[in-house]
Structures are given as structure tokens and as C-alpha cells.
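Under the UniProt record's numbering, the first residue of the sequence shown is numbered 1, with each subsequent residue one higher.
We put the CB at the ideal spot given by N, CA and C, even for glycine.
Please read all numbers here as calculations on a predicted model, not as lab measurements.
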Amino acid sequence: MEPDFAIRHMFSGKCDTTECAEKVEAMLSTAILHQEDVWNMLVENAPEGAVSVDPLTGETSTVAVDPKVLKAMKQKLENAIDWCQLAQTRLKSLVSNQAQ
Numbered sequence: 001m002e003p004d005f006a007i008r009h010m011f012s013g014k015c016d017t018t019e020c021a022e023k024v025e026a027m028l029s030t031a032i033l034h035q036e037d038v039w040n041m042l043v044e045n046a047p048e049g050a051v052s053v054d055p056l057t058g059e060t061s062t063v064a065v066d067p068k069v070l071k072a073m074k075q076k077l078e079n080a081i082d083w084c085q086l087a088q089t090r091l092k093s094l095v096s097n098q099a100q
């Protein structure tokens, strides 16, 4: 599901605070999974480089990626995952408090 469509679909119509928070929590969960997938791809391909796909032919090739760039990308992904997990924890706390 494309992100723009998912956002429009999840927030179509009215929702109460708890429902909206739960939808945002689900979006954060999805973002975390996508970031972890990218992180795993970087780790698996770091020694050889990154895989490039030609959009016209569909052929793949390995492209050398500067280790400094890979390290910076890995750090940014780890930071993004940390922030998403922090937001997810906060949302769960808000939903829990709202339900009480």
C-alpha cells in the first residue's frame, strides 16, 4: 500500500482521539518495519556494495558504495527507528491513559 493512500484511507472520516492514536501507532509500526528492512539490506550488502536495478531492462548490478556513506545511512536509519519506537511508546501510553 502506498503511503499517501494509506494515510488518506486511515484518516478518512472522523475518529476519536484513541482511534486516531491507534492509527498513528500502526503507521509507526509500519515505518519501523520498513526502516529495519532497509537496515538489514545495508548490512547484508555492505561488503559487496549496493544492488542497482536498471529501470528499463530490469537487470541488476552491484554498485560500490563508499563505506562512510553506508555507515552514515545506517546511523540515520538507527536514529529514525529509535525516534519511531519512542513515539510508538508514547502513543501506547496515551492510549492506555485515555482508556482509564
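Beta-carbon gap between residue i and residue j smaller than 7 Å
{"i": "ALA26", "j": "CYS84", "result": "no"}
Between the CA atoms of residue j and residue i - distance to the nearest angstrom
{"i": "ALA87", "j": "GLU36", "result": "16 Å"}
{"i": "THR89", "j": "GLY58", "result": "40 Å"}
{"i": "ASP54", "j": "HIS34", "result": "22 Å"}
{"i": "ASP16", "j": "SER61", "result": "49 Å"}
{"i": "LEU56", "j": "GLN100", "result": "56 Å"}
Whole-angstrom C-beta distance between residue j and residue i, which should lie under 8 Å
{"i": "LYS68", "j": "LEU42", "result": "Actually they do not touch by this definition, with Cβ atoms about 13 Å apart."}
{"i": "LEU70", "j": "TRP39", "result": "About 11 Å; that fails the 8 Å criterion."}
Proximal residues to residue i (C-beta, below 8 Å), its chain only, five neighbours per side dropped
{"i": "VAL95", "result": "THR18, ALA21, GLU22 and GLU25"}
{"i": "GLU44", "result": "none"}
{"i": "GLN98", "result": "THR17, THR18 and ALA21"}
Residues of its chain near residue i, where Cβ-Cβ distance is below 7 Å and the 5 sequence neighbours each way are ignored
{"i": "ALA81", "result": "At residue 81 the sequence reads Ile, which differs from the Ala that was named. Here the set comprises ILE32, GLN35 and GLU36."}
{"i": "residue 141", "result": "Nothing about residue 141 can be read from this structure; the chain reaches only from 1 to 100."}
Other residues of its chain near residue i: CB distance less than 6 Å, five sequence neighbours each side excluded
{"i": "LEU28", "result": "CYS84, ALA87 and GLN88"}
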